[in-house]
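A quick write-up on the structure given underneath.
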Amino acid sequence: MALPSSGLSNSDIGQRCHHPDREIIGGLPHGNLGIKLSEELIVKFDPGVSVEEADNQRRAFQLLDGSIVRVPRIHDYFTRADGGFVTGYLVMEYIKGDITNSITSYQIDQIANILHTS
Numbered sequence: 712m713a714l715p716s717s718g719l720s721n722s723d724i725g726q727r728c729h730h731p732d733r734e735i736i737g738g739l740p741h742g743n744l745g746i747k748l749s750e751e752l753i754v755k756f757d758p759g760v761s762v763e764e765a766d767n768q769r770r771a772f773q774l775l776d777g778s779i780v781r782v783p784r785i786h787d788y789f790t791r792a793d794g795g796f797v798t799g800y801l802v803m804e805y806i807k808g809d810i811t812n813s814i815t816s817y818q819i820d821q822i823a824n825i826l827h828t829s
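Positions 712 to 829 (this note's numbering) are the ones given, in order, by the sequence shown.
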């Protein structure tokens, strides 16, 4: 399936994710990575990226007030067999902002309460 705003097929996205000159914009050194596909889209990919994660993010996008908490809109989720592993690819809206590496237990509890009561 080609994404309307990027014109990229799932195969194109998979190739870009594993290209040595990819533009990594987030993730972990030996875990999931995020790369920019365009000014509007990024893809998060790793064997641990699951359909459940995509579904949860879709639900959070629907439930949360975008003027308070920005949750990227999911455009696509797919899997591919890469070198013996099945890798999940989560294509989503790119939201420009600062990356924070820490979140407090209090903030986690607040978010969990909001999601639980919605």
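Glycine is no exception: its CB is placed at the ideal position from the N, C-alpha and C atoms.
*Specify, as a first and last residue, the run of the beta strand (DSSP E) that I814 falls within.*
First-last for I814: undefined, no H or E at that position.
*asked:* For A765, count the other beta carbons within 10 Å of its own beta carbon; 16 or more makes it buried, fewer makes it exposed. Which is it?
replied: Buried.
*Decide if F796 is buried, meaning its Cβ has at least 16 other Cβ atoms within 10 Å, or exposed.*
Label assigned to F796: exposed.
_C-alpha gap between F876 and D732, whole angstroms_ = Residue coverage of the chain in this structure runs from 712 to 829, which leaves residue 876 outside it and unanswerable.
*Kindly indicate the opening and closing residues of the alpha helix (DSSP H) around E751.*
Run containing E751: none; DSSP gives neither H nor E here.
_Distance cut-off 7 Å: G795 Cβ against heavy atoms of the ligand NAD_ = Although the ligand NAD was asked about, the structure shown includes no ligands whatsoever.
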